[in-house]
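Student: Those letters in the sequence shown? Residues 3 to 129, per the working numbering, in order. Cβ atoms here follow ideal geometry from the backbone N, Cα and C, with glycine treated the same way. Computed from a predicted model, the values in this text were never measured in an experiment.
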Amino acid sequence: MCHLRMLFVPVLALCVSESVAAPARVVDMSVAAKQPNLRVVENKISGSDPLSVAASAYVTQRGRVAMLNLQNSMKMFKAMNGKPPTFKEFEKMMKEHNVELNVLPPKRLYGYDPKTGGIVILEDTKS
């Protein structure tokens, strides 16, 4: 029997199964940060900028080229606008570049930080 748990974030309701990892999802960190049960998982991955970290660790093998294209688009966006893309703009860019993030274990999801333009992994600490 499959037991399902619901993880509620204002921008996302993610259904997580005990035995099957949920599809990779990205949520807005500024919204997710308001959820007391979500915390940033310590990342021990290094990179020269937030997206190269994502490209080195969180992207499916076939998605690395797409992530590099996304990284270039984000650099151009920041150069033209003086700030990283908003969450909505980032979502649109991910779709345009067909970026596929690796599936995470249950209770984990990706968070995009519009202040830094970086991606982090969030974990639901609620039992």
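1) Looking only at its own chain, which residues have a Cβ that is under 6 Å from the Cβ of M82, when we skip the five neighbours before and after it?
2) Taking all protein chains shown into account, decide if M78 is buried (16 or more other Cβ within 10 angstroms of its Cβ) or exposed.
3) Using three-state DSSP, classify S21 as helix, strand or coil.
4) Can you name the start and end residues of the beta strand (DSSP E) that V29 belongs to?
5) Using C-beta distances below 7 Å, list every residue in its chain close to A34, excluding the 5 sequence neighbours before and after it, in chain order.
6) Consult DSSP for L70 and reduce its assignment to one of helix, strand or coil.
7) Under 7 Å Cβ to Cβ from D126, same chain only, skipping five residues before and after it: list those, please.
8) Shortest alpha-carbon distance to G119 belongs to which of V43, M95, V67 and A26?
9) Just the Cα atoms here: how many angstroms apart are M76 and P87?
Tutor: Per the coordinate set shown:
1) In the same chain as M82, and ignoring 5 residues on each side of it, no C-beta atom comes closer than 6 Å to its own.
2) Counting the other CB atoms within 10 Å of its CB gives M78 a total below 16, which places it among the exposed residues.
3) With a pLDDT of 41 at S21, under the threshold of 50, the predicted position of this residue should be treated as unreliable, and no value is reported.
4) Run containing V29: V28 to D30, per the beta strand (DSSP E) assignment.
5) Residues of the same chain with a CB within less than 7 Å of the CB of A34, apart from the 5 flanking positions on each side, are V11, L40, G113 and L124 in chain order.
6) If DSSP states are grouped into helix, strand and coil, L70 belongs with the helices.
7) Closer than 7 Å at Cβ, skipping near neighbours: L9, N39, L40 and K109.
8) The candidate whose alpha carbon is nearest that of G119 is M95.
9) Straight-line Cα distance between these residues: approximately 7 Å.
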